[in-house]
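K.L.:
This is the structure I want to talk about, given as structure tokens.
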Amino acid sequence: MKNAGRGFASDNNAGAHPSVIEAVAGANVGHVPAYGRDRWTARAVELLKREFGADAEALLVYGGTGANVVSLSALLSPWQAVICPAGAHINVDECGAPERFTGCKLLPVVTPDGKLRPGDLAAALSRLGDQHAAQPAVVSISEASEMGTVYSPAEIRALADAAHARGLALHVDGARLANAAVSLDTSLASLTAEAGVDLLSFGGTKNGLLGAEAVISFSGRGSELVFVRKQGAQLSSKMRFLAAQFIALLESGLWRANAANANAMARRLAAGVERLPRIRLTQPVQANAVFATLPPEWIPRVQARYPFYVWNEATFEVRWMCSWDTTAEDVDEFVAAIGEVAR
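Per numbering that gives the first Met the number 0, residue 0 is the first one in the sequence shown, and the count goes up by one each step.
Here it is in structure tokens:
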């Protein structure tokens with residue numbers, strides 16, 4: 000099987016970028032102070048501030064769920080709640096971790112494209128002040144969304160303003176923030192600090208890192224976050240190895256190149272499958288995801304050659320993800336394989 004091991008199931012399935020591997024090896028020299036008191040961590044934080052603004056406070060953590068839990072824990076008391084899209088990662092793909100570790104309740108809102116809008120908040124705010132109801136304190140969105148759609152800076156600002164007007168904070172799950180920024184040809188700061196975001200989970204793993212994420216605060220909560228990170232089992236003793244990865248990602252603009260390739264391959268894939276019969280794209284292709292419906296009998300036949308997920312079993316909607324290392328050849332062979340099934 001020519002393409003064994005390569006598929007379109009998840010951008011987590013790709014390996015780490017060679018420059019990241021080299022950076023980790025380069026940091027593996029001698030003894031240095033633990034828990035982030037080293038020159039690699041200092042440089043990584045400096046670079047994160049360069050991208051997100053001088054007032055940003057950055058902490059490195061291991062994984063995306065951990066970043067979300069740390070972020071939300073810093074914003075919530077146990078009687079409070081988080082308003083989020085129904086399909087949000089924190090709601091459907093984190094095994095209840097945010098609820099377990101914060102004690103909070105999630106208030107999911109059904110949206111057609113994975114994006115919350117200011118008007119979506121009203122229903123979840125109907126019981127503010129009612130002691131019998133969990134009290135909304137945070138709005139959480141994903142950028143890019145789980146449906147591959149992206150929020151413009153203006154859309155995030157509108158949500159931030161609506162949340163802040165009601166005393167709520169805005170959290171962004173930025174597992175694919177790099178893909179969104181490249182899609183919009185804008186900066187990371189324009190989608191976060193400049194748009195009124197309070198806390199960000201900034202993803203690195205889906206953009207070529209081994210397993211490194213960051214929690215970025217724009218609301219002066221850094222002094223609290225260090226304790227939340229430790230209590231949440233997200234403090235690395237050998238922080239330099241996380242930091243070295245972010246240096247590789249940020250210092251030369253690798254984050255943008257990796258995201259640009261993933262996005263471009265998603266557009267190529269969408270253009271290829273659109274020409275095939277009985278396939279319909281269900282969402283605009285704005286980042287590195289392609290959502291489509293196809294005849295149910297085709298799905299297992301294509302999956303036998305290329306791994307991918309069925310997003311909605313009821314409608315036979317599938318999700319195809321492209322990665323930093325997806326090639327044009329990968330895409331074209333995948334489209335050809337679907338075409339063979341379609342005949």
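Glycine included, each C-beta is placed from N, C-alpha and C at the ideal position.
Only a predicted model underlies this, so the values are computations on that prediction, with no experimental measurement involved.
Would you report the Cα separation of ILE140 and LEU115, rounded to the nearest angstrom?
P.N.:
Roughly 7 Å separates the two Cα atoms.
K.L.:
Measure from the alpha carbon of LYS237 to the alpha carbon of each residue in THR185, VAL28, LEU268 and ALA15, then state which is nearest.
P.N.:
Here the closest residue by C-alpha is VAL28.
K.L.:
Identify whether GLN233 lies in helix, strand or coil by the three-state DSSP scheme.
P.N.:
In this structure, GLN233 counts as coil in the three-state DSSP scheme.
K.L.:
How would you label THR40, buried or exposed, when you count the other beta carbons within 10 angstroms and need 16 or more for buried?
P.N.:
By the neighbour-count rule (16 or more Cβ atoms within 10 Å), THR40 is buried.
K.L.:
Please determine, among ASP129, GLY231, ARG165 and GLU154, the residue with the shortest C-alpha to C-alpha distance to THR64.
P.N.:
Looking at the Cα atoms, GLY231 is the closest of the given residues.
K.L.:
Out of ALA55, GLY166, LEU253 and ALA265, point me to the one whose CA is closest to HIS16's CA.
P.N.:
It is LEU253.
K.L.:
Taking Cβ to Cβ, would you say GLU56 is nearer than 8 Å to GLY221?
P.N.:
Contact: yes.
K.L.:
How would you call ALA291, buried or exposed, if buried means at least 16 neighbouring beta carbons within 10 angstroms?
P.N.:
Label assigned to ALA291: buried.
K.L.:
In or out: HIS170 buried (at least 16 other Cβ within 10 Å) or exposed?
P.N.:
Result: buried.
K.L.:
When DSSP builds the beta bridges, which residues end up paired with GLU212?
P.N.:
Looking at the DSSP assignment, GLU212 forms a beta bridge with VAL60 and GLY202.
K.L.:
With three or more C-beta pairs closer than 8 Å as the rule, is the stretch 254 to 274 touching the stretch 312 to 332?
P.N.:
The stretch 312 to 332 is in contact with the stretch 254 to 274.
K.L.:
Taking the alpha carbon of ARG49 as the point to measure from, which residue in SER189, ARG277 and GLN233 has its own alpha carbon closest?
P.N.:
The option with the nearest alpha carbon to ARG49 is SER189.
K.L.:
By how many angstroms is the C-alpha of TRP297 removed from the C-alpha of LEU71?
P.N.:
Cα to Cα, LEU71 sits roughly 41 Å from TRP297.
K.L.:
Cα-Cα, which of ALA133, GLY203, ALA341 and ALA85 is closest to GLY14?
P.N.:
If we check each option's Cα against that of GLY14, GLY203 comes out closest.
K.L.:
In the DSSP assignment, find the unbroken alpha helix (DSSP H) run with LYS48 in it and report its ends.
P.N.:
Looking at the DSSP string, the run of the alpha helix (DSSP H) that includes LYS48 is 38 to 51.
K.L.:
Please list, in chain order, all residues of the same chain as SER182 whose beta carbon is under 6 Å from its beta carbon, the five residues on each side excluded.
P.N.:
For SER182, where only same-chain residues beyond five positions count, the Cβ hits under 6 Å are VAL149, ASN262, GLN285 and ALA286.
K.L.:
Do the stretch 84 to 94 and the stretch 123 to 130 make contact, defined as three or more Cβ pairs closer than 8 Å?
P.N.:
These segments do not touch.
K.L.:
Name the DSSP bridge partner or partners of CYS83?
P.N.:
In the DSSP output, where bridge partners are listed per residue, CYS83 has PRO107.
K.L.:
Taking 8 Å as the cut-off, decide whether the C-beta atoms of GLY312 and THR281 are in contact.
P.N.:
Residue identity differs from the one stated: residue 312 is Glu in this sequence, not Gly. No, these two residues do not count as a Cβ contact at 8 Å.
K.L.:
Rank ARG42, ALA66, ARG38 and ALA24 by C-alpha distance to the C-alpha of PHE201 and give the top, closest one.
P.N.:
Minimum Cα distance to PHE201 is reached at ALA66.
K.L.:
Compare the Cα-Cα distances from ASP112 to each of LYS104, ALA136 and GLU142 and report the closest residue.
P.N.:
For the residues LYS104, ALA136 and GLU142, the minimum Cα distance to ASP112 belongs to GLU142.
K.L.:
Let me know if VAL19 comes out buried or exposed under the rule of 16 or more other beta-carbons within 10 Å of its beta-carbon.
P.N.:
Burial call: buried.
K.L.:
For GLY147, tell me which candidate among GLU339, VAL340, GLY338 and ALA288 has the shortest Cα-Cα distance.
P.N.:
Nearest option by C-alpha distance: ALA288.
K.L.:
Measure the CB-CB distance between VAL81 and VAL214 and report whether it falls below 8 Å.
P.N.:
Not in contact: VAL81 and VAL214 (Cβ atoms no closer than 8 Å).
K.L.:
Can you check whether the CB of ALA53 is closer than 8 Å to the CB of PHE307?
P.N.:
No; because the gap between Cβ atoms is not below 8 Å, this pair is not in contact.
K.L.:
With 16 other CB atoms within 10 Å as the buried threshold, where does PRO84 fall?
P.N.:
Buried.
K.L.:
By the three-class DSSP mapping on this structure, what secondary structure does GLN134 have?
P.N.:
In this structure, GLN134 counts as strand in the three-state DSSP scheme.
K.L.:
Sort VAL109, ALA73, LEU120 and ALA336 by Cα distance to THR101 and report the nearest one.
P.N.:
If we check each option's Cα against that of THR101, ALA73 comes out closest.
K.L.:
So for ASN287, helix, strand or coil by DSSP?
P.N.:
Correct three-state label for ASN287: coil.
K.L.:
So, with DSSP's three-state summary, where would you put ASN2?
P.N.:
Low confidence applies here, because ASN2 scores a pLDDT of 48, under 50, leaving its location unreliable; read the following figure in that light. Three-state result, ASN2: coil.
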